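Below you'll find the structure, written out as structure tokens, and then a few comments.
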Amino acid sequence: METLRFEYLGGTPPAVQAPTLTGVVGSGNLEVLVEAAPGSGSCVIEITTAAVGFGHIWQAVIDDFHARHGLCDLRISVNDVGATPAVVSLRLDQAIETFLGDAA
Amino acid sequence: MNAPLTPPRRWDTQSQNRAARLGRAAAFARGRHVAAADARALLEAVLEPGDRVCLEGNNQKQADFLAKTLVSVDPARVHDLHMVQSVLALPEHIDVFERGIATKLDFSFSGPQGARLAKLVSAGRIDIGAIHTYLELFGRYFTDLTPRVSLIAAQAADAAGNLYTGPNTEDTPVIVEATAFKRGIVIAQVNEVVDTLPRIDIPADWVDFVIPAPTPAYVEPLFTRDPAQISEVQVLMAMMAIQGIYAEYGVQRLNHGIGFDTAAIELLLPTYGESLGLKGKICRHWALNPHPALIPAIEAGWVESVHSFGGELGMEAYTAARPDVFFTGPDGSMRSNRALCQAAGHYACDLFIGSTLQIDLAGNSSTATLGRIAGFGGAPNMGADARGRRHASPAWLKAGEQARAGSSRMPRGQKLVVQMVETFREHMAPAFVEQLDAWELAEQAGMPLPPVMIYGEDVTHILTEEGIANLLLCRTAGEREQAIRGVAGYTAVGLGRDRRAVENLRDRGVIRRPEDLGIDKRLASRDLLAAKSMKDLVRASGGLYDPPKRFRNW
Amino acid sequence: MNAHRHSYYEAGARERLHGLLDAGSFRELLGPAERMTSPHLPPLDAPVAFDDGVVVGRGRLAGRSVLAGAQEGGFNGGAVGEVHGAKLTGLLERALDERPAAVLLLVESGGVRLHEANAGLIAVSEVMRAVLAVRSAGIPVLVLDGGQFGCFGGMGIVARCCDAIVISEEGRLGLSGPEVIETTCGVEEFDSRDRALVWRTVGGKHRYLLGEADVLVADDIGAFREAAIRLLDTVPDLSLDALDAEHGRLAARLERFGTCRDALDIWSALGIGQPARLPLLDTDEFLTATADRRA
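Protein chains in written order, with the working numbering: chain Y, 1 to 104; chain P, 105 to 658; chain X, 659 to 953.
Here it is, written out as structure tokens:
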């Protein structure tokens with residue numbers, strides 16, 4: 001297993017919501033836990049992955065994810081079992097949508 | 105004085121040789137019928153060292169009893185055979201080389217036996233003549249690789265020796281025609297001998313011997329894809345294919361490669377396709393095996409005709425009940441024919457779409473991987489522009505116009521050849537590479553050319569979860585490379601893109617993202633599939649589809 | 659095809675709970691943000707899940723208060739580890755305090771999580787003990803079984819310790835799973851790749867005909883919900899008379915069907931015409947064809 005941590009400063013804080021969990025920890029899949037971190041001013045994304053040695057790809061995927069949504073005051077935690085970047089991006093987007101959608 | 109007497113040239117040596125073989129075999133046959141217990145003795149009597157032999161090996165149907173029998177012959181009597189068969193599917197197809205019965209091989213595809221084949225080639229035990237596409241190999245059956253003896257599989261025979269091949273015909277007609285009409289010997293294994301055949305597919309006088317096999321010929325349900333395994337990423341890509349390519353060009357006649365990607369397209373026609381108002385405008389005529397995944401589209405009235413390379417296990421009753429759509433005989437059962445369907449796929453289809461393992465920066469694609477000699481099968485003929493095509497269709501013309509816009513080249517059309525891949529396969533294997541493994545494989549195995557499945561010059565579109573690259577619109581090699589990098593996602597090839605150039609290509613419509621096509625990614629869920637399970641397919645077929653046991657969960 | 663069906667088989671654990679209970683009523687206990695993960699998996703370099711593969715909480719069913727737990731087959735096949743089992747046990751023990759109308763167990767599990775060995779075995783036995791304690795307190799424990807991984811091993815025993823089982827045709831129930839049987843007894847005895855054989859042996863229809871599952875429903879979360887509502891007034895009976903009666907029923911069943919080689923033989927012996935067609939029938943057709951024919 002490998003643990004990765006990314007932190008982005010600045011962005012729009014969403015309204016404070018209850019934590020949400022999206023996805024499943026199964027082969028080629030991942031779960032994404034989204035929690036509010038009010039006042040932190042940053043978006044922290046912590047990843048535990050079974051696929052070791054792909055940090056540079058995660059960096060690119062998470063950079064794009066943060067650029068798409070531009071959110072802060074969030075803590076996002078991922079348990080991954082070798083999901084492809086396509087599945088990771090999709091799941092992250094679904095997770096944010098679920099987290100924000102509970103308010104809408 | 106007369107000139108020295110030269111003996112008159114004999115013009116029937118093949119007939120003489122044939123008669124000698126039949127004479128040696130007569131002891132084992134009653135009429136055309138031979139008991140399974142005498143099969144080995146028959147082969148030893150008929151075969152001669154150095155013979156070119158076609159052991160019918162297909163994608164699906166296998167002459168498995170005759171394969172086992174051939175492996176069991178005495179290599180002291182039968183050796184140095186030259187095998188000419190389309191597919192190496194069974195272990196026995198390689199065993200004949202290991203046992204020293206055969207030494208030379210011309211073939212098309214070796215999927216499951218690719219690794220063993222590579223080992224024997226590097227050990228010098230197999231001399232490969234060439235790796236062909238199906239149509240090429242069939243072509244050579246009628247030129248310089250005509251089989252001397254063919255060992256084929258049929259569903260049934262009657263007392264006279266007429267054969268019924270049934271829905272799963274595949275290569276049989278081509279093999280028999282080439283062999284029987286060049287004075288070769290045709291030996292058929294059959295599942296049963298009956299009084300009256302449902303129909304005669306091969307007349308008895310093209311067949312020399314018929315052997316009832318102890319067990320029915322093995323048939324692989326190669327084209328069955330369980331909808332339960334289709335992912336939401338595949339649904340998204342199917343939406344992009346339908347909207348960004350099928351609708352864009354008005355594709356009416358097409359072929360789908362095997363896979364979950366294309367199964368997703370088939371299952372989205374009656375749902376997503378319907379919602380776009382595309383019924384009757386796309387996907388009306390198919391060169392395709394009877395894919396179970398096509399059942400919902402057929403039932404919804406999308407499909408006017410399907411001609412098939414082979415059959416598909418479990419689809420027999422369904423195809424028989426839909427004779428307006430499928431090609432069926434007077435008896436009602438389906439007829440297939442690989443050679444004719446390959447010709448249809450090459451010349452009569454406007455689009456081929458299929459998956460691959462690796463694509464390079466020029467768009468060349470290959471399924472070859474190190475340590476395996478996999479061959480080509482039919483994809484290169486399906487996935488190549490038919491340079492001999494002359495008839496026009498809107499899709500063909502539009503593709504040709506896009507390729508020629510702004511140039512003074514002679515107007516002509518072009519086939520749409522789409523490579524549909526996720527940027528990473530499982531275990532994070534990238535689908536996009538700087539250099540195909542095919543180069544190293546060619547060097548290892550001493551091939552004259554890298555085994556490329558579809559050449560970049562024939563590929564018109566590359567479709568990934570990130571977008572569609574329309575290579576027809578690229579004007580330079582540099583543009584083409586950036587268009588490919590621009591849909592290569594987070595692979596090293598994709599990360600190596602020139603972002604400004606890619607954005608420019610996107611502005612010009614060379615690259616189109618899902619959002620550029622008006623596709624809402626959030627709709628890309630399995631709920632769009634017209635069938636989500638095998639049972640849904642059975643229900644859609646009105647109970648006519650009878651899936652093989654391994655695909656059932658009821 | 660019913661377009662309004664919401665497949666139970668395809669849904670995840672949370673989706674099942676949300677669809678099963680009254681809209682918006684489910685409140686998760688010890689949710690994923692608590693990060694109550696397995697202590698046994700990281701030393702084995704195996705991935706953890708924030709909820710350890712089981713969702714527990716309270717909600718309402720037809721307006722009545724219930725406790726519910728749902729196993730997530732997607733995580734290690736729903737296998738029971740120490741934390742996973744403790745969450746189920748805690749849920750059941752909470753029922754003794756809160757006295758809900760029922761406890762619902764949405765099972766989907768291959769049994770004990772092998773990584774956790776004895777801790778997992780103990781956890782399963784604690785769940786069994788808790789089920790019996792809840793039942794003896796007069797609160798019914800209802801099992802719903804229709805997930806992709808079925809219900810096997812220790813969870814198969816747990817399921818049969820409960821008051822009633824609602825199963826779909828896709829659901830499976832057994833002790834040893836098909837692969838285990840094949841490995842132990844040989845492929846001649848049981849071919850686990852023959853999926854038609856697997857389903858007619860451990861699948862929902864056969865379990866219903868044998869009387870092990872009480873209700874057979876279509877693969878639809880709404881159908882599971884309706885069945886669960888109808889079972890809410892089940893009165894647990896753990897009396898000696900009830901146990902004797904059950905043992906007598908099982909002995910008679912063994913006597914009657916003990917020589918059958920295949921589920922098809924049992925269906926014939928039950929007097930069901932054309933048994934081979936049963937696997938293909940829709941739930942409603944199946945229930946009509948087998949009415950009054952259950953063992």
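Each residue gets a CB set at the ideal place from its N, CA and C atoms; glycine is no exception.
Because the structure is a prediction, the values reported are computed rather than measured.
Exercise for the section: With a 10 Å radius around its C-beta and 16 neighbouring C-beta atoms as the bar for buried, classify residue 131 of chain P as buried or exposed. Expected result: The residue you call residue 131 of chain P lines up with position 27 of the second sequence. By the neighbour-count rule (16 or more Cβ atoms within 10 Å), residue 131 of chain P is not buried but exposed.
Exercise for the section: Within its chain, find whatever has a CB closer than 7 Å to the CB of residue 660 of chain X; leave out the 5 residues flanking it on each side and keep chain order. Expected result: For the purposes of this step, residue 660 of chain X is taken as the residue at position 2 of the third sequence. For residue 660 of chain X, the predicted structure reports a pLDDT of 43, less than 50, and the residue's modelled location is therefore unreliable. The matter cannot be settled from this model.
Problem - Close Cβ partners of residue 158 of chain P (< 6 Å) along its chain, the five nearest in sequence each way excluded - result: Against the second sequence, residue 158 of chain P aligns to sequence position 54. So the list reads 188, 189, 251, 254, 279, once near-sequence residues are dropped.
Exercise for the section: Return the first residue and the last residue of the beta strand (DSSP E) that residue 820 of chain X is part of. Expected result: Here residue 820 of chain X corresponds to residue number 162 of the third sequence, with the count starting at 1. According to the DSSP assignment, residue 820 of chain X belongs to no beta strand (DSSP E), since it is labelled neither H nor E.
Handout entry: Euclidean distance between Cα positions of residue 179 of chain P and residue 185 of chain P
Key = Within the second sequence, numbered from 1, the residue matching residue 179 of chain P stands at position 75. Within the second sequence, numbered from 1, the residue matching residue 185 of chain P stands at position 81. Residue 179 of chain P and residue 185 of chain P have their C-alpha atoms spaced approximately 10 Å apart.
Exercise for the section: Name, please, each residue of chain P whose Cβ falls closer than 8 Å to the Cβ of residue 937 of chain X. Expected result: Working through the third sequence from its first residue, we reach residue 937 of chain X at position 279. By Cβ distance, chain P contributes 656, 658.
Handout entry: Reference residue 89 of chain Y; option with closest CA among P:594, P:198, P:641
Key = Counting from one through the first sequence, the residue named residue 89 of chain Y turns up at place 89. Of P:594, P:198, P:641, the residue nearest in Cα terms is P:594.
Practice task
Could you tell me whether the Cβ atoms of residue 524 of chain P and residue 345 of chain P are closer together than 8 Å?
Solution key: Start at 1 with the first residue of the second sequence, and residue 524 of chain P comes out as number 420. Start at 1 with the first residue of the second sequence, and residue 345 of chain P comes out as number 241. With respect to residue 345 of chain P, residue 524 of chain P sits close: the two C-beta atoms are nearer than 8 Å.
Handout entry: Neighbourhood of residue 541 of chain P by C-beta, 8 Å cutoff - its chain only, sequence neighbours within 5 removed
Key = In the second sequence, the residue the question calls residue 541 of chain P occupies position 437. Taken in chain order, the residues that qualify are 462, 470, 472, 473, 474.
Handout entry: Spatially closest choice to residue 560 of chain P from P:548, P:549, P:573, P:550, by CA coordinates
Key = Here the question's residue 560 of chain P lines up with position 456 in the second sequence. Nearest to residue 560 of chain P by alpha-carbon distance, out of P:548, P:549, P:573, P:550, is P:573.
Practice task
Express the C-alpha separation of residue 272 of chain P and residue 320 of chain P in angstroms, rounding to a whole number.
Solution key: Start at 1 with the first residue of the second sequence, and residue 320 of chain P comes out as number 216. Start at 1 with the first residue of the second sequence, and residue 272 of chain P comes out as number 168. Between residue 320 of chain P and residue 272 of chain P, the C-alpha separation is close to 13 Å.
Exercise for the section: Verify the CB distance criterion: does residue 730 of chain X have a CB-CB separation below 8 Å to chain B? Expected result: No chain B is present in this structure, whose protein chains are Y, P and X.
Problem - Where the alpha helix (DSSP H) through residue 843 of chain X begins and ends - result: Position 185 of the third sequence, counted from the first residue, corresponds to residue 843 of chain X. According to the DSSP assignment, residue 843 of chain X belongs to the alpha helix (DSSP H) that extends over 836-843.
Problem - Proximity test, Cβ basis, 8 Å: residue 19 of chain Y and chain X - result: By one-based count along the first sequence, residue 19 of chain Y stands at place 19. For residue 19 of chain Y, at least one C-beta of chain X is nearer than 8 Å to its own C-beta.
Exercise for the section: Please list, in chain order, all residues of the same chain as residue 136 of chain P whose beta carbon is under 7 Å from its beta carbon, the five residues on each side excluded. Expected result: Taking the second sequence and counting its residues from 1, the one referred to as residue 136 of chain P is at position 32. Spatial neighbours of residue 136 of chain P in its own chain (CB-CB distance under 7 Å, excluding positions within 5 residues in sequence) are listed in chain order as 265, 308, 311, 312, 313, 314.
Handout entry: Contacts that residue 116 of chain Y makes with chain X (C-beta to C-beta distance below 7 Å)
Key = With chain Y covering only 1 through 104, there is no way to say anything about residue 116 of chain Y.
Exercise for the section: Ignore the nearest five residues each way along the sequence and tell me which others in residue 641 of chain P's own chain have a CB closer than 8 Å to its CB. Expected result: Working through the second sequence from its first residue, we reach residue 641 of chain P at position 537. Cβ within range, chain order: 331, 396, 397, 399, 400, 635, 649, 651.
Handout entry: residue 242 of chain P versus residue 443 of chain P: straight-line alpha-carbon distance, rounded
Key = Taking the first residue of the second sequence as 1, we reach residue 242 of chain P at position 138. Taking the first residue of the second sequence as 1, we reach residue 443 of chain P at position 339. The alpha-carbon atoms of residue 242 of chain P and residue 443 of chain P are separated by roughly 7 Å.
Exercise for the section: Could you name the residues of the segment 327-343 of chain P whose beta carbon sits closer than 7 Å to any beta carbon of chain X, in the order they occur along the chain? Expected result: Flagged: no residues at all.
Problem - Amino acids of chain X, ordered along the chain, whose beta-carbon sits closer than 7 Å to that of residue 108 of chain Y - result: Residue 108 of chain Y falls outside the range modelled here, since chain Y spans only 1 to 104, and no answer is possible.
Exercise for the section: On the DSSP bridge assignment, give the partners of residue 65 of chain Y in chain order. Expected result: Working through the first sequence from its first residue, we reach residue 65 of chain Y at position 65. Bridge partners of residue 65 of chain Y: none, in fact.
Handout entry: Closer than 8 Å at the beta carbon, the chain X residues around residue 2 of chain Y
Key = Within the first sequence, numbered from 1, the residue matching residue 2 of chain Y stands at position 2. Chain-ordered listing is empty here: chain X has no CB closer than 8 Å to the CB of residue 2 of chain Y, the nearest sitting near 10 Å.
Exercise for the section: Pull up the DSSP beta-bridge partners for residue 674 of chain X, would you. Expected result: Reading the third sequence from its first residue, position 16 is the one you call residue 674 of chain X. Bridge partners of residue 674 of chain X: none, in fact.
Handout entry: Any 3 or more C-beta pairs closer than 8 Å across the segment 662-672 of chain X and the segment 425-439 of chain P
Key = No: the two stretches stay apart, fewer than three of their Cβ pairs being nearer than 8 Å.
Practice task
For residue 827 of chain X, collect the residues of the same chain with a Cβ closer than 6 Å to its Cβ; drop the 5 residues on either side in sequence, then sort them by chain order.
Solution key: In the third sequence, the residue the question calls residue 827 of chain X occupies position 169. Cβ-Cβ distances below 6 Å link residue 827 of chain X to 862, 863 in the same chain, with the five nearest sequence neighbours on each side left out; the list follows chain order.
Handout entry: Residues from the segment 60-77 of chain Y in contact with chain P, defined by Cβ distance under 9 Å
Key = In summary, the residues of the segment 60-77 of chain Y whose CB is separated from some CB of chain P by less than 9 Å are 60, 61, 64, in the order they occur in the chain.
Exercise for the section: Please classify residue 242 of chain P: does DSSP put it in a helix, a strand, or coil? Expected result: Against the second sequence, residue 242 of chain P aligns to sequence position 138. Of the three classes helix, strand and coil, the one that applies to residue 242 of chain P here is helix, per DSSP.
Practice task
Can you give me, in chain order, the residues of the segment 844-855 of chain X that have a beta carbon less than 8 Å from any beta carbon in chain P?
Solution key: Sequence-ordered contacts of the segment 844-855 of chain X with chain P read 851, 852, 853, 854, 855 [C-beta pairs closer than 8 Å].
Practice task
Would you check if the segment 754-763 of chain X and the segment 800-820 of chain X touch, i.e. whether three or more CB-CB distances between them fall below 8 Å?
Solution key: Touching, yes, given that three or more Cβ pairs across the two stretches are closer than 8 Å.
Practice task
For residue 196 of chain P, I'd like the list of residues in its chain whose CB is within less than 6 Å of its CB, leaving aside the five on either flank, ordered along the chain.
Solution key: Taking the second sequence and counting its residues from 1, the one referred to as residue 196 of chain P is at position 92. Taken in chain order, the residues that qualify are 171, 172, 175.
Problem - Candidates P:452, P:338, P:372, P:213, of which the one nearest residue 406 of chain P by Cα - result: On the second sequence, position 302 is the one that residue 406 of chain P refers to. Nearest C-alpha to residue 406 of chain P: P:372.
Practice task
Would you mind stating whether residue 47 of chain Y and residue 3 of chain Y have Cβ atoms separated by less than 8 Å?
Solution key: The sequence position of residue 47 of chain Y within the first sequence is 47, counting from 1. The sequence position of residue 3 of chain Y within the first sequence is 3, counting from 1. Cβ atoms of residue 47 of chain Y and residue 3 of chain Y: closer than 8 Å.
Exercise for the section: Could you check what DSSP says for residue 803 of chain X in three-state terms: helix, strand or coil? Expected result: Numbered from 1 along the third sequence, position 145 holds the residue referred to as residue 803 of chain X. Residue 803 of chain X: strand per DSSP, three-state reduction.
Handout entry: Contact belief for residue 343 of chain P with residue 628 of chain P at Cβ below 8 Å, rounded distance in angstroms
Key = As a first step, residue 343 of chain P is located in the second sequence; it is residue number 239 there, counting from the start. As a first step, residue 628 of chain P is located in the second sequence; it is residue number 524 there, counting from the start. The beta-carbon distance between residue 343 of chain P and residue 628 of chain P, rounded to whole angstroms, is 6 Å. This is short enough to meet the 8 Å contact definition.
Exercise for the section: Could you tell me which chain X residues have their CB closer than 9 Å to the CB of residue 647 of chain P, listed as they occur along the chain? Expected result: As a position in the second sequence, residue 647 of chain P is number 543, starting the count at 1. Residues of chain X with a Cβ closer than 9 Å to the Cβ of residue 647 of chain P are, in chain order, 938.
Handout entry: Whole-angstrom distance between residue 270 of chain P and residue 495 of chain P, CA atom to CA atom
Key = Here the question's residue 495 of chain P lines up with position 391 in the second sequence. Here the question's residue 270 of chain P lines up with position 166 in the second sequence. Straight-line measurement puts the Cα of residue 270 of chain P at about 33 Å from the Cα of residue 495 of chain P.
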